[in-house]
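These notes are about the structure you will find just below.
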Amino acid sequence: MKNMRIGIRLVLGFASILVLMALLAWNGISRLQHTREDLDEIVNLRMQRVMQVATLRNQMNIVARATRNTLLTDDSARIRLETDRVLAARTEFTKVLDAMSDSVTTDEAKALSGDIRTHFEAAVPLVDRALRFSESGRNTEAVDLLMNEVAPVQESLFKALDAMLAYQQRKTGEAVAQAEANHNAGVRMTLILLGVAVALGSLVAVLITRSIVRPLAESMQVANRLAAGDLAADIVIDRRDETGQLQTAIQGVSASLQSLIAEMNRMSAEHDRGDIDVRVDTERFQGAYRAMAEGVNTMVEGHIAVKKKAMACIAAFGEGDFDAPLERFPGKKAFINEVIERTRQQLKDAAAAAAVATTIRTTLDNASVNVMMADNDGIIRYMNKATEALMRQSEANFRKLLPQFRADQIIGTNFDAFHKNPSHQRNLLSHLRGTHVAQISVGGLTFRLSASPIYDLAGTRLGTVLEWIDRTAEVAAEQEIGQVVAAAAAGDFSARVAEENKTGFYQLVAEGMNRIVGTSENALADVQRVLAGLERGDLTQVIENVYQGAFDGLKHSVNATIHTLSGIIGDVRGAADSLSSASEQVSATAQSLSQASSEQAASVEETSASMEQMSASVEQNTENARVTDGMASGAARQASEGGEAVKDTVAAMKSIAEKIGIIDDIAYQTNLLALNAAIEAARAGEHGKGFAVVAAEVRKLAERSQVAAQEIGEVAKGSVALAERAGSLLDDMLPSIAKTSDLVQEIAAASSEQSSGVGQINMAMNQLSQITQQNASSSEELAATAEEMSGQAEQLQRLMAFFTLDEPSGDTRRPHATAPVAERALGGAVPRRPATAIPAGFTVFEE
């Protein structure tokens, strides 16, 4: 390398650095290409598959909702609309699934896509069957099909979709991991190449600089010694480059000047004393020595001239003219040019750096951010205009905590003046390696401080830069929003976030928070108004304001509850009216039955009197057959009339039994209605307690009526049996009386037996009289029971009048809704019970 020219050395050094820089650029471009490919796979492939799976799930949810909606409506047009939605969702599902199946390439993805298709194809015919059931009104079968067959297949389909989603997420994670690996590898390789480039560049720079500067320094040393008159200097020439040639030339000059040493020493001494105008006395030399002396003089004059020119150039540098010209000196003088040029370049670099520093300072001075800089001792050396303005603006607040604080004396002040615990802050800043962020509160103001260390190009710590951010308004907005949220959580929706003096994100948050609180307040006010009306018995109150989302669901639920409760109250009113009407009918029937029983008792008494007369006639039959025959004929007629009366009594008893059966059914229906009302009142909660008490009383009344009706029925059945027996006896007696008319002459012989038979007839008539009296008593009890039932029905009507409905007051019945209410009340297990002669306004409850 000593024999290599300086230009070649420089070319080789820079070429090696350029090769490393090219490798560094190639590595960066290659890694960026790999990263772009990984990102392309994530964005254009994996995310598209995830969106396709989400679309499939959405279409299946549409199918499920539309199928459910067909079961919730009886409108054929709406059913057809929901069916069309199912078909459209299935078409979209098939389209997306086909696109996904065509785009997958791995075996696992194809298998997962096949599972989705298999479960989907299995679900299609089942859903079609459910839709056909719904269209034909067979909702129960449709529900069974959906719950027992469609639901498992649909669950399997969703599991297959979840498996495909998990697969795509796993592949996305792998792609992300690959991208991160490529990025990390690129960073490592870039750092390695950069380190090699820096090391190699530094090494080349050091070697080339040393190979040039050291010989030049040695040559300069010899030249200086020659200029001082030391011609005995030993120059070691060990290279053949430009510096070696320069050293050879210096050695020749030294040899040539040996003869002039004395004069040179004299001139040198004079020059050392400051007399640079002294020259070698040429008159003392002859020939070549004289020419040499003249040459020395010329050389000295030339050196002095060069120095003057160099000093003039340096003086120009001192005056700021860094482009002052300096002629090119020949030979060894060329190092002066080199030194001057290096000085020129260093001064230009320093001036450029100063200009950049000035630009940076000007930029910081005019920047809107608040910047402050301190040295390693914590002395504040700089702060820009924005920071000065912030400090002046906040001076009063700082003085609340730091009484000695003055905004115009911050520069030159130690940073410890801002902290109560300076040692902690000094230790923190001295060990700071990265940006440290903290938030402080001073006199009602809140600042976020970001501290970062400052290093020069050599890595030496120069100080710390601090950024001040005033977050007072932001913190106040956060606290205000937190107070509104806390108030809303405590049930107070009247609080609002002030929208004044807010911009950007906080203005959007304030407006959105106010809208949320306002909507919640309005919705709760509507619900409170409806519930207050329900507490007063006013079922006409509904929510009419328009809401969205969950509030819209709440609105519909409240309105549906009021509508359902209105229907139930209407049904109970209708049942109470019907019960009152039936009670009046039962009372009228009982009074008629009591009157008929009284008339029957009178007939029985007449029959008993006739039998007594017949007994007297039997005793006198021997004395007067003609009288006996006449009496027998009369007895036959009276017996016939008694038989007709007995038949009438039997018919009346059967009619009583039927009426009692009606009363029993009415009591059963009333019991069911009371049970339904109790269940609905329990659902109403606190507001249904009064109605629950009424329902319980009605149910007790119905149970008492049912027990009384059953007891009366048993008595009526006994009365029917006795009446039928009396009728049978009278039928048997008629032939005997007729035969008596023909056998008048045998009356005397059979008078004793006839007397015994008449006694038995008297006994039967006495029993018939007792039964008739019992029937009259039972009829009176039935009438009393009917009157009590009528009173209870009127009380139920008065209680139901508490509620105000939208329906007309004339008829509040809804027979079509009674059966479902009963089924809900009894858990779907209403017992089957035949009912006959149901009065108007009552509904037959069936299974």
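Numbering-wise, the sequence shown is residues 1 to 847 according to the UniProt record's numbering.
By construction, the Cβ of each residue, glycine as well, lies at the ideal position given by its N, Cα and C atoms.
Quick caveat: nothing in here was measured; it's all calculated off a predicted structure.
- Is it right to say Gly810 is buried, meaning 16 or more other beta carbons lie within 10 angstroms of its own, or is it exposed? For Gly810, the predicted structure reports a pLDDT of 41, less than 50, and the residue's modelled location is therefore unreliable. The matter cannot be settled from this model.
- Message: Under DSSP, the alpha helix (DSSP H) around Ala109 begins and ends at which residues?
- Response: 107 to 135
- Task: Measure the alpha-carbon distance for Phe802 versus Ser705 and round it to whole angstroms.
- Result: 26 Å
- Please state whether DSSP places Ile17 in a helix, a strand or coil. helix
- Message: Here's the rule I'm using: 16 or more other beta-carbon atoms within 10 Å means buried, otherwise exposed. How should Gln393 be labelled?
- Response: exposed
- Tell me whether Gln221 is buried or exposed, calling it buried when 16 or more other Cβ atoms sit within 10 Å of its Cβ. exposed
- Query: Which one of Ile712, Ala582, Gln591, Ala596 has the shortest CA to CA distance from Gln792?
  - Reply: Ala582
- Message: Please classify Pro325 as buried or exposed, where buried requires at least 16 neighbouring CB atoms within 10 angstroms.
- Response: exposed
- Message: Tell me the DSSP secondary structure of Pro820 in three-state form.
- Response: Low per-residue confidence applies at Pro820: pLDDT is 40, beneath 50, and the placement is therefore not dependable, though the value from the model is reported in the following sentence. It is helical.
- Relative to the alpha-carbon of Tyr455, which residue among Ser777, Thr464, Ile410, Val86 has its alpha-carbon at the smallest distance? Thr464
- Message: Quick check on DSSP: helix, strand or coil for Phe802?
- Response: coil
- Should the region 356 to 370 be called in touch with the region 380 to 387, which here means at least 3 C-beta pairs below 8 Å? yes
- Message: To the nearest angstrom, how far is the alpha carbon of Pro510 from that of Ala498?
- Response: A small correction: the amino acid at residue 510 is Ala; Pro does not occupy that position in the sequence shown. Rounded to whole angstroms, Ala510 to Ala498 spans 7 Å at the Cα level.
- Residues bridged to Val371 [DSSP beta-bridge criterion]: Glu467
- Cα separation between Gly320 and Met267? 36 Å
- Item | Proximal residues to Ala89 (C-beta, below 8 Å), its chain only, five neighbours per side dropped | Gln59, Met60, Ile62, Val63, Ala66
- Among Arg344, Asp648, Leu157, Ile666, nearest to Met311 - alpha-carbon criterion: Arg344
- Rounded to a whole number of angstroms, what is the C-alpha to C-alpha distance between Thr248 and Gly7? 20 Å
- Message: Quick check: what's the CA-CA separation for Ser16 versus Ala181?
- Response: 30 Å
- For Leu20, which residues from the same chain have a beta carbon less than 7 Å from its beta carbon, with the 5 sequence-adjacent residues on both sides left out? Leu193, Val196, Ala197, Leu200
- Segment contact, 8 Å Cβ cut-off, at least three pairs: the region 151 to 160 with the region 100 to 108: no
- Message: To the nearest angstrom, how far is the alpha carbon of Asp377 from that of Phe398?
- Response: 23 Å
- Item | For Ile440, three-class secondary structure by DSSP | strand
- Spatial neighbours of Ala223 in its chain, beta-carbon cut-off 7 Å, leaving aside the 5 residues before and after: Ile250, Lys332
- Task: Name the one or two DSSP bridge partners that Ser452 has.
- Result: Val465
- Item | 9 Å Cβ cutoff met for Ala374 and Met391 | no
- Message: Out of Gly434, Ser450, Arg471, which one is the CA nearest neighbour of Gly444?
- Response: Arg471
- Should Leu565 go down as buried or exposed, given a rule of 16 or more other Cβ atoms within 10 Å for buried? buried
- Message: Once the 5 residues before and after Gln797 are set aside, which same chain residues still bring their CB inside 6 Å of it?
- Response: Ala576
- Outcome for Gln595 when other beta-carbon atoms lying within 10 angstroms are tallied against a minimum of 16: exposed
- Message: Run through the DSSP bridge pairs and tell me what Thr446 is partnered with.
- Response: Ser441
- Among the residues of its own chain, which have a CB less than 7 Å from the CB of Thr812, if the five just before and after it don't count? Per-residue confidence for Thr812 stands at a pLDDT of 41, beneath the threshold of 50, marking its modelled position as unreliable; no derived number is given.
- Message: Just to confirm the assignment, what range does the alpha helix (DSSP H) spanning Met383 have?
- Response: First-last for Met383: 380 to 383, but that is the beta strand (DSSP E), not the alpha helix (DSSP H).
- Message: Is the separation between the beta-carbon of Ala451 and that of His436 shorter than 9 Å?
- Response: yes
- Message: Is Leu200 close to the ligand SAM? I mean its beta-carbon at under 8 Å from any heavy atom of the ligand.
- Response: Inclusion of the ligand SAM in the displayed structure is not the case, the ligand content being empty and no account of it being possible.
- Task: Indicate whether Arg80 and Ser101 have their beta-carbon atoms separated by less than 9 Å.
- Result: no
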